[in-house]
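Just below is one structure, and these are the notes that go with it.
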Amino acid sequence: MNPGATSSINSVEVVKAETLTISEIAAFIKREPAKVAYFDCIATIDDVKLGTDWYYIACKDCQTKLNRGPTTLLCPTCGNENATAVANYLVEMFVYDNEEQCTFIILGDAGKELTGRKATELIDTYVEDGGDGAELEVPLPQCFIDTIGQTKKFRIKVAPYNFTSSRQSFTATKIVSSAVLPPKKPPLEAPPGTEVENSELAESSGGGTSATDDQKKAKRIKRSG
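Its first residue numbered 1, the sequence shown is counted upward by one per residue in the UniProt record's numbering.
And the structure:
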């Protein structure tokens, strides 16, 4: 989980962002110095992580995660020692596109845009239906499960944390729109004569075989038999 994901999530309003694939965002992180950047990314929701909190208690003014004091909730950003609390979305979703897969952290308004409901409303509904809201262990609402299989254009925030993390996990701050995955890019065609040259190179280098090579060889033996 990105430890900075719940800090000042709505401090920057991005009007337009470049659309990149998951692998292109990963490539950006590898080649650029640590910085905050925003991109749009079209991806399909494959699954939702269960067994973890799907919301956090945030400061109503700045959306930062609140710390519990002896008798009140403290906001580390505003410095308010008696902050007004609100429930904010924090949902881990596994997504994929035509090239790659990763985890998106659905944060704040993105959760409302995805489900059509505020986190506070879903918690209140659970309590009204007989759940124990006082324990703050509300199970993941069905409306998130229902999003599996949907394709969306997500607004992704890349933060300094992403440049040092070994985990490919990005924060989604907005659902831009519904979308469809673009067509897969056709494989590049090899220039004439390249296949012969490559096979000669492999023979001369004495390189080993891959699993796909073994599969092809087995098929040839079966046909000749």
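Glycine included, C-beta positions come from ideal geometry on N, C-alpha and C.
Cβ-Cβ distance between residue i and residue j below 9 Å
i	j	result
T120	A34	no
T151	A43	yes
V138	V36	no
A26	I105	no
Y89	G111	yes
Residues sharing a beta bridge with residue i, DSSP
i	result
Y161	In DSSP, Y161 forms no bridge with anything.
N82	DSSP, once it has assigned bridges, lists no residue as partnering N82.
Y55	Y89
Y38	K157
N98	Its beta-bridge partners do not exist; DSSP assigns none.
I45	V95
I175	F154
S169	T103
K118	According to DSSP, which records beta bridges pairwise, K118 is partnered with nothing at all.
Close beta carbons around residue i, own chain, < 6 Å, minus the five adjacent residues each side
i	result
P160	A34
V86	A58 and K60
I22	D97, E100 and C102
I45	M93, V95, T147, I148 and Q150
L74	N67 and E81
N162	I29
P183	none
Buried or exposed (CB count within 10 angstroms, at least 16 for buried), residue i
i	result
I145	exposed
D61	exposed
K16	exposed
N67	exposed
residue 236	Given that the chain is displayed from residue 1 to residue 225, the structure contains no residue 236 and the question cannot be resolved.
P141	buried
L122	buried
R155	buried
residue 258	It is not possible to answer for residue 258, since the shown part of the chain is limited to 1 through 225.
E113	buried
G108	buried
8 Å Cβ shell around residue i - same chain, five flanking residues per side excluded
i	result
K185	N98
G207	Low local confidence applies: a pLDDT of 43 at G207 is under 50, so the model's placement there is unreliable, and no value is given.
L50	L140
C78	C59, D61, C62 and T64
F28	L20, A37, F39 and V158
K153	T19, D40, C41, I42, I175, V176, S177, S178 and A179
Y56	T6, K65, A87, N88 and L90
D47	M93, F94 and I148
Sequence-distant residues of its chain with Cβ nearer than 7 Å to residue i (five each side left out)
i	result
P76	T64 and N67
R117	C143
D124	none
L181	I42, T44, D97, N98 and T151
D53	L90
S169	N2, C102, T103 and I105
T84	K60
E128	none
Neighbour flag for residue i against chain B, beta carbons, 9 Å
i	result
D47	Within the model displayed, chain B is absent; a lone protein chain is all it includes.
Three or more C-beta pairs closer than 8 Å, one from the segment 62-82 and one from the segment 168-178: is that the case here?
-> By the criterion of at least three beta-carbon pairs nearer than 8 Å, the segment 62-82 is not in contact with the segment 168-178.
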